[in-house]
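Undergrad:
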Amino acid sequence: MRRPVSPPGAIGAPQPVRVQADARGKPIVVAGVQVESVNRDWLNRFGWWREHPLRRRYYEVITVTGQRVVVFRDMFTGRWFRQRA
181 MRRPVSPPGA IGAPQPVRVQ ADARGKPIVV AGVQVESVNR DWLNRFGWWR
231 EHPLRRRYYE VITVTGQRVV VFRDMFTGRW FRQRA
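Quick note: the sequence shown uses my numbering, first residue 181, plus one each step.
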């Protein structure tokens, strides 16, 4: 019996993630895991010529488990995503 196979997603496609942020907007909990430190953050604005440009605030964080995670907040929708490598 053959199982239906869904098409693969885009490589490196961002995945929605639950993030708790402090009053300044920096992540303090990512996917239920406490953030130990924020290594860096940066703003990316691109596609200004398109109908729906992108504006994202990225954060590279280290969790208390030692995992390095890159998350971003969509500045138009307010939604958080985890960026896959």
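Ideal placement from N, C-alpha and C gives every residue a C-beta, glycine not left out. Just so it is clear, the structure is predicted and the values come from calculations on it, not from any experiment.
Measure the C-alpha to C-alpha separation of Val209 and Glu231 and round it to an integer number of angstroms.
TA: Within the sequence shown, residue 209 is the residue found at index 29, counting from 1. Within the sequence shown, residue 231 is the residue found at index 51, counting from 1. Taking the straight line joining both Cα atoms gives about 33 Å.
Undergrad: Hey, out of Thr257, Arg262, Trp222 and Glu240, whose CA is closest to Pro233's CA?
TA: One-based indexing of the sequence shown puts residue 233 at position 53. For the residues Thr257, Arg262, Trp222 and Glu240, the minimum Cα distance to Pro233 belongs to Thr257.
Undergrad: Arg198: which of Glu240, Ser217, Val244 and Gly212 sits nearest, CA to CA?
TA: Indexing the sequence shown from 1 puts residue 198 at position 18. Closest option to Arg198, Cα to Cα, is Gly212.
Undergrad: Bridge partners for Phe261 per DSSP, in chain order?
TA: Position 81 of the sequence shown, counting from 1, holds the residue named residue 261. DSSP lists Pro196 and Phe252 as partners of Phe261.
Undergrad: Just reading off the beta strand (DSSP E) that Gln214 is part of, what are its end residues?
TA: In the sequence shown, counting from the first residue as 1, residue 214 sits at position 34. Counting along the chain, the beta strand (DSSP E) containing Gln214 begins and ends at Val213 to Phe226.
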